[in-house]
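Novice: Can you keep this structure in mind? I'll have questions shortly.
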Amino acid sequence: MEFIGAFIVAGLLCVACQIALERKVSVPTILIVGFALGSLMVPMDWAAKLVELGGAGMITTIIDAGEGVFYGWTALMDGEPLRFITFFLALGVVSLFGVIGGMGHYALKKDK
Amino acid sequence: MKIAKNLVFAFLIGGALGALSQVFFKLALNLLGPSSPFICLFTLACMGLFGGLMYLVGFYQKLEQWGQFGAFLNFSGLASSVAMTVEAAKVEGDSTVKAIGKGLKLVLGVAGSGAIAAIIVATIDRILFSL
Numbered sequence: 011m012e013f014i015g016a017f018i019v020a021g022l023l024c025v026a027c028q029i030a031l032e033r034k035v036s037v038p039t040i041l042i043v044g045f046a047l048g049s050l051m052v053p054m055d056w057a058a059k060l061v062e063l064g065g066a067g068m069i070t071t072i073i074d075a076g077e078g079v080f081y082g083w084t085a086l087m088d089g090e091p092l093r094f095i096t097f098f099l100a101l102g103v104v105s106l107f108g109v110i111g112g113m114g115h116y117a118l119k120k121d122k
Numbered sequence: 002m003k004i005a006k007n008l009v010f011a012f013l014i015g016g017a018l019g020a021l022s023q024v025f026f027k028l029a030l031n032l033l034g035p036s037s038p039f040i041c042l043f044t045l046a047c048m049g050l051f052g053g054l055m056y057l058v059g060f061y062q063k064l065e066q067w068g069q070f071g072a073f074l075n076f077s078g079l080a081s082s083v084a085m086t087v088e089a090a091k092v093e094g095d096s097t098v099k100a101i102g103k104g105l106k107l108v109l110g111v112a113g114s115g116a117i118a119a120i121i122v123a124t125i126d127r128i129l130f131s132l
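This is how it looks when you write it as structure tokens:
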């Protein structure tokens, strides 16, 4: 059941962003607005409801990154920096895998 | 008709990546325990690894072509976007350091702007909550 929830929530969020893309909004703009909207959804309790429904299908979207920074910053203001640091660590690790993927693909293509 | 097709593919590919994330999330829960503060870090790192590896073998580019935002929105899409930027910079003849810098600039552009907005919202919420 949780996999179906993840599938549906992640799929619907992608459809919402795809609609914006079809209306000629640029990809970086959609991602930045999505990130910001994710943080706006926290005080309204929508983010928690979407995570409850979609689990990791919601957590691993850029939209939920806004929620991550919101809670991280709130915890930091309370003197607990771990959550804030963990989020940016995750961002660093994902970027590192991206760099490895890009360099690797370039090297493979160059060899051919 | 083309728009409808794009929306369906975005839903299917985005949903499939969401379900895959749930697999990694369950794996993290089992490996680290439910009280670990690193469950999200592990799940996001796994999706980043998936995105980077799939880009390396040339599959993620196809996913992005078919699913567009279905493939962009997940953290695996962020890894793929970095990979694409780094590769494009290398093809243009940039040095490795400069290419990596361009990739990181992309992440900072998206995550930095989004994070600033999220920090402002969290601060306002805290101020309003404490009143």
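Chains A and B, in that order, give the protein sequences. Start counting at 1 in the first sequence, then tack on 10, and there's your number in the numbering used here. Start counting at 1 in the second sequence, then tack on 1, and there's your number in the numbering used here. Beta carbons: idealized from backbone N, C-alpha and C, even for Gly. Just so we're clear, the structure is a prediction, and the values are computed from it rather than from any experiment.
Does the beta carbon of A/M87 come closer than 8 angstroms to any beta carbon on chain B?
Specialist: For this step, residue 87 of chain A is matched to residue 77 along the first sequence. Closer than 8 angstroms: yes.
Novice: Can you tell me which of the three DSSP states A/T70 falls into?
Specialist: On the first sequence, position 60 is the one that residue 70 of chain A refers to. The answer is coil: DSSP assigns A/T70 none of H, G, I, E or B.
Novice: Please list, in chain order, the chain A residues whose beta carbon lies closer than 8 angstroms to that of B/S81.
Specialist: The residue labelled residue 81 of chain B in the question sits at position 80 within the second sequence. The answer, in chain order, is G108 and G111.
Novice: Excluding five sequence neighbours on each side, which residues of the same chain lie with their C-beta closer than 7 angstroms to the C-beta of B/C47?
Specialist: In the second sequence, residue 47 of chain B corresponds to position 46, counting from 1. F25, listed in sequence order.
Novice: Give the single residue among B/T44, B/A20 and B/A17 whose Cα lies nearest to the Cα of B/L28.
Specialist: Locating residue 28 of chain B in the second sequence gives position 27, where the first residue counts as 1. Nearest option by C-alpha distance: B/T44.
Novice: In angstroms, rounded to a whole number, what distance separates the CA positions of B/M2 and B/F70?
Specialist: Looking up residue 2 of chain B in the second sequence gives position 1. Looking up residue 70 of chain B in the second sequence gives position 69. Approximately 17 angstroms, taken between the alpha carbons.
Novice: Output, in sequence order along the chain, the residues in the region 42-74 of chain B whose CB is closer than 7 angstroms to any CB in chain A.
Specialist: Per Cβ criterion, the list reads L42, T44, L45, A46, M48, G49, L50, G52, G53, L54, Y56, L57, G59, Q69, F70, G71, F73 and L74.
Novice: Check the Cβ-Cβ distances between B/N7 and every residue of chain A, and say whether any is below 8 angstroms.
Specialist: On the second sequence, residue 7 of chain B is found 6 positions in, with the first residue counted as 1. At least one chain A Cβ lies under 8 angstroms of B/N7.
Novice: Using the beta-carbon of each residue, which ones in chain C are nearer than 8 angstroms to B/K91?
Specialist: Going by chain labels, chain C is absent from the structure shown, which instead holds the protein chains A and B.
Novice: List, in chain order, every chain A residue whose beta-carbon is nearer than 8 angstroms to that of B/M85.
Specialist: As a working note, residue 85 of chain B is residue 84 in the second sequence. What B/M85 touches in chain A: G112.
Novice: Suppose you measure from the CA of B/A100 to the CA of A/C27; what does that come to, to the nearest Å?
Specialist: Counting from 1 along the second sequence, the entry for residue 100 of chain B is found at position 99. Counting from 1 along the first sequence, the entry for residue 27 of chain A is found at position 17. Cα-Cα distance, rounded: 28 angstroms.
Novice: Roughly how many angstroms separate the alpha carbons of A/L23 and B/P35, rounded to a whole number?
Specialist: Your numbering for residue 23 of chain A matches position 13 in the first sequence. Your numbering for residue 35 of chain B matches position 34 in the second sequence. Whole-angstrom Cα-Cα distance: 26 angstroms.
Novice: Could you work out which residues of chain A lie near B/I120, taking near to mean beta carbons separated by less than 7 angstroms?
Specialist: Walking along the second sequence from the start, residue 120 of chain B turns up at place 119. Correct list: V79 and W83.
Novice: I'd like to know whether the C-beta of A/S49 is nearer than 8 angstroms to at least one C-beta of chain B.
Specialist: Here residue 49 of chain A corresponds to residue number 39 of the first sequence, with the count starting at 1. Chain B, which has a Cβ nearer than 8 angstroms to the Cβ of A/S49, makes this yes.
Novice: Count the other CB atoms within 10 Å of the CB of B/N31; is the residue buried (16 or more) or exposed (fewer)?
Specialist: Translated into positions along the second sequence, residue 31 of chain B becomes position 30. It counts as exposed.
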